[in-house]
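Q:
Residue numbers (our numbering), protein chains in the order written: chain A, 327 to 804; chain B, 133 to 471.
The structure is reproduced here in structure tokens:
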């Protein structure tokens, strides 16, 4: 499946059917799709790829592991997925599933290095080889890969879908050079699209003729997640008081191009409820909620600890803003800078999880369930995303019910109910929906993603076959 | 004491130092905050997946057992599995170490060349205008860290006067992989285009690393020469009518460079670990950058490998320096024995 700004569309699949109980999905594959070695992509490759993903269990495998029971190639062009339980967002989640060439992978399996996972007869499942090579069928194939330096890809002329006429024949991804280097390369027109850079660098780049900053929303949200099991934030009225006392307008201004969030799901993500109740700054209501709290008489004796990720400087501004806002209610706030690795460790245990953690969660696939499940289901507790320690049976049941609903409208209605319930429980302060800002050579590059035609999936922000480059226009700038 | 005995003794010290370092780093890497299995699984993965990875990576075993496995693997020349690159650390080391060694080698040439040109000139013309000019250069060179030099050099020689590439390692097809040392491989396989390309990419980062080092060396050599100039044996040599250039090069320079040689050895070794920022500015896929990334990702096996290899390089360079110093000044190895 392939995500677009309008929704998902079939890609390797031609059509599909789903059984009435939602447990069997049968996909008919397109014929004539070629791998980079020229062989045809068949159902056996799809089944092999899914088995490989589930066996290795890394990356996005966690999305599929609870659901996919068995994958079978019924014939060369028909593949069947048997599920353990019904899974509504399966089509959306399949945008995270990539098919590899079975023959190529099997030709490159090797004994794993010491301490590395081993997969029986499949040895290392070619993980070492695939770290620097490809075995796919996409529009570009790996030409050379110098890890930590550059990945060079060349166009695959036998690609089964459209490659735009001015799409680059060769694409080079450079490994994160420093901001000063990016400035130089952009100014010399040696770099067409920059990565994520500090705000001041983007602002400088925008002053150069022919360079524009593209705003790409893919579901990133700035969030102050609340530990609902630790005093005084274990009280719902106390949490609501904080939510009413926070200045959302100022919070959104910290991040370039950001807009105030509306609930726990980013507004760009399918399944977000546009009619959801939203907390706004209202000190009278904040005082009212605080008085209803069980800590009304002694909340000044507590300290609300806010941890922010040391690697993301802007999170400090959010945390300090939060502390300032809470001063108006007389709530004591302690702001702590914590390295990401320590954040993960702190969040692993309920007692060590701070009252609030500032971080930037994003979806894995483009649907509300992708973020709701990894943040609020009880099984998520112990992970950084699950640091609210909600452990709420009702929410668990609502999530499982929504996830098992195949009909999209019905499922989205259930997501809306979950979002409403979560807002009532006030498990986090959703500060803003934040775009990824990437500068690019607007004068000679057409990049649809930066021009607002982006699917809400991070992996698809640079789809080179849809990017058009005009070298003659570049010459005008040199 | 014979020079060979001296070297053998030093080597034995180094072996014990490396064993001690391995235990220390192995434990330290594991007690620092952060769960490698969680890092590998991702922040959204449920706990049962993380637990499965802990088992696969043997992270659920006691520390002494993990160390035992690690030592057993080392005996098979296997440095373990990297959760950062998802392949063998041995492969990573074989890729990144030669790239950095080449860079450090060129940087060392710049350091030695720069130090041995500027230092003796300043010493020979002490308190005259060449000395004053070189002093000014040295103060600027020492006071700016290597990564600032990297940005300055990049601005001057890639943007204003575009004679070098802005970043990267290689713009042409890589030569056949023979030794891992790209310049050497280029020469062996007759790929002179690749040799020139790598050299062009390498010049600015090597120079950036070398400038603070050679300006410091120059000052040390200059100080030694100024101090030794006043010694009686120099006065005697000059009074006996020896030409000044002979006295300077044969009698004055030799004892004056001993402290600088020691400092050079340490600074060359430290480049291996400290080149991270320069490598980042130039997108140089080196060992130092790799080391920083594996530390940020709590890649236990890779951290231990990086620290140990840098430790070995330090130790080997120290031995080399000791040998050079012992050669330059035989009293040093004799004093060690108590003779």
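Using N, Cα and C, we set each Cβ at its ideal position, and we do this for glycine too.
1. Tell me the rounded alpha-carbon separation between residue 515 of chain A and residue 639 of chain A.
2. Consider the Cβ of residue 671 of chain A: report whether some Cβ of chain B lies at a distance smaller than 8 Å.
3. Among B:155, B:296, B:138, which one has its Cα closest to the Cα of residue 443 of chain B?
4. With H, G and I counted as helix, E and B as strand and the rest as coil, what does DSSP make of residue 768 of chain A?
5. So residue 455 of chain A is in the alpha helix (DSSP H); what residue range does that whole segment cover?
6. For the stretch 425-433 of chain A and the stretch 387-397 of chain A, state whether three or more C-beta atom pairs, one from each stretch, are separated by less than 8 Å.
7. Count Cβ pairs between the stretch 141-158 of chain B and the stretch 647-664 of chain A that sit closer than 8 Å; are there 3 or more?
8. Residue 658 of chain A bridges to which residues according to DSSP?
9. If the cut is a Cβ gap below 9 Å, which residues of chain A does residue 348 of chain B touch?
10. Tell me, please, which residues DSSP counts as bridged to residue 342 of chain A.
11. Do residue 401 of chain B and residue 475 of chain B have their beta-carbon atoms positioned less than 8 Å apart in this structure?
12. Does the beta-carbon distance from residue 413 of chain B to residue 266 of chain B come in below 8 Å?
13. Cα separation between residue 742 of chain A and residue 411 of chain A?
14. Taking the alpha-carbon positions, what's the residue 788 of chain A to residue 772 of chain A distance?
15. I need the boundaries of the beta strand (DSSP E) containing residue 758 of chain A, first residue and last residue.
16. Under 7 Å between beta-carbons, which chain A residues line up against residue 192 of chain B? List them in chain order, please.
17. Give the DSSP-derived three-state secondary structure of residue 540 of chain A in the structure shown.
18. Relative to the alpha-carbon of residue 720 of chain A, which residue among A:702, A:708, A:733 has its alpha-carbon at the smallest distance?
19. Buried or exposed for residue 818 of chain A, going by 16 or more other Cβ atoms inside 10 Å?
20. For residue 714 of chain A versus residue 677 of chain A, is the C-beta distance shorter than 8 Å?
21. Tell me which residue opens and which closes the beta strand (DSSP E) that residue 333 of chain A is part of.
22. Where does residue 372 of chain B land, buried or exposed, given buried means 16+ other C-beta within 10 angstroms?
23. Going by alpha carbons, who is nearest to residue 211 of chain B out of B:217, B:223, B:218?
24. Which residues in the same chain have their Cβ closer than 7 Å to the Cβ of residue 513 of chain A, if we skip the five residues on either side of it in sequence?
25. State the beta-bridge partners of residue 329 of chain A as determined by DSSP.
26. Give me the Cβ distance between residue 685 of chain A and residue 635 of chain A, rounded to the nearest whole Å; I'm assuming they're in contact under 8 Å.
27. Closer than 8 Å, Cβ to any Cβ of chain B: which residues of the stretch 502-521 of chain A, in chain order?
28. According to DSSP, is residue 424 of chain B helix, strand or coil?
29. Shortest alpha-carbon distance to residue 339 of chain A belongs to which of A:355, A:671, A:791, A:328?
30. Around the C-beta of residue 328 of chain B, are 16 or more other C-beta atoms found within 10 angstroms, so that it is buried, or is it exposed?
31. What does a CB cutoff of less than 6 Å around residue 563 of chain A pick up in its chain, not counting 5 residues either side in sequence?
32. When burial is assigned at 16 or more other CB atoms within 10 Å of the CB, is residue 135 of chain B buried or exposed?
33. Exposed or buried, which one is residue 330 of chain B when buried takes at least 16 other CB atoms within 10 Å?
34. Report the rounded CA-to-CA distance for residue 335 of chain A versus residue 358 of chain A, giving the unit in angstroms.
35. I want to verify the contact list: residues of chain A whose CB lies under 8 Å from the CB of residue 165 of chain B, in sequence order.
36. Using a Cβ-Cβ cutoff of 7 Å, what residues of the stretch 443-454 of chain A are near chain B? List them in chain order.
A: Working from what's here:
1. 29 Å
2. yes
3. B:155
4. coil
5. 453-456
6. no
7. no
8. A:629
9. Residues of chain A passing the Cβ test: none, with the nearest at roughly 24 Å.
10. A:353
11. With chain B covering only 133 through 471, there is no way to say anything about residue 475 of chain B.
12. no
13. 22 Å
14. 12 Å
15. 754-759
16. Within 7 Å Cβ-Cβ: nothing; residue 192 of chain B doesn't reach chain A, min ~13 Å.
17. strand
18. A:702
19. There is simply no residue 818 of chain A to check, as chain A begins at 327 and stops at 804 in what is shown.
20. no
21. 333-335
22. exposed
23. B:223
24. 534
25. A:334
26. 6 Å
27. 502, 503, 504, 506, 507, 510, 511, 513, 514, 516
28. helix
29. A:355
30. exposed
31. 615, 618, 619
32. exposed
33. buried
34. 18 Å
35. 665, 667, 668, 671
36. 443, 453, 454
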